[in-house]
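**Student:**
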Amino acid sequence: MEKFCRLLLRPNGYVLEQLCSPLVIHTTPAHAALCALVPGLLTRHHAHHYLGFAATQWRLFAGERPRRVKPLLYVFRVLLTGIHLMQTGDLEANLVALNEIFRLPYLPELVARKLAGPEQGTLPDDDIASLAAEYARLRAELEAAREASQLPDEPSAREAVNDLLVRVRLGEA
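In structure tokens:
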């Protein structure tokens, strides 16, 4: 729990996404209490996580032969998650839900190709130039959203996270 709390207090989008995932098998009052603290954990520096993760996924995608749709969808998902987070302070990690907001015309086809199975899950090389341009555009949009974000530079819930950790250790939460 202490390690998880430390990670939550850093700009670590992965840990936030784990905490806020709608796919919960079992929950506890401590989990609910952590979820309630999420707004005070968000900072503009979470954009760095999403920019870095997108860059890693792009390198994996670009280096593959044949190029698969799945890593490309990760790239677009993390960029859109970061942009949305910077613009709204709301953590949404579902690509389909994000595209209801951003309305990128190519995403439904890419999602359909991934869902159709491995035989449809690759992309021809002639698509790469337009995808690279879109990757660059979305990176720039995330960087601009970070600069314009109203999110704070530091988490405001640091003390509340510590208090919750103490309560959990004492068996009170």
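Residue numbers for the sequence shown follow the working numbering, so the first one is 20 and each next one is one higher.
The beta carbon of each residue, even a glycine, is placed where N, CA and C say it ideally should be.
#1: Please work out which residues of its chain come closer than 6 angstroms, Cβ to Cβ, to leucine 98, disregarding the five sequence neighbours upstream and downstream, and give them in chain order.
#2: Could you tell me the distance, in whole angstroms, from the CA atom of tyrosine 125 to the CA atom of leucine 79?
#3: Going by other Cβ atoms of all chains shown within 10 Å of its Cβ, with 16 needed for buried, is proline 174 buried or exposed?
#4: Go ahead and pull the three-state DSSP assignment for threonine 107.
#5: Please return the same chain residues whose Cβ sits closer than 6 angstroms to the Cβ of tryptophan 77, not counting the five positions on each side in sequence.
#6: With DSSP collapsed to three states, give me the class of arginine 87.
#7: Just to confirm my understanding: we take asparagine 31, look at its own chain, exclude 5 residues before and 5 after, and list those with CB closer than 7 angstroms. What are they?
#8: CB of tyrosine 154 to nearest heavy atom of the ligand PLP: below 6 angstroms?
#9: For aspartate 15 and tyrosine 33, I'd like the C-alpha separation in whole angstroms.
**Tutor:** Let's see:
#1: Ala73, Leu157, Leu161
#2: 20 angstroms
#3: buried
#4: helix
#5: Val94, Tyr154
#6: strand
#7: His68
#8: Looking for the ligand PLP in the displayed structure turns up nothing, as the structure carries no ligands at all.
#9: The displayed coordinates of the chain run from 20 to 192. Any statement about residue 15 would go beyond what the structure contains.
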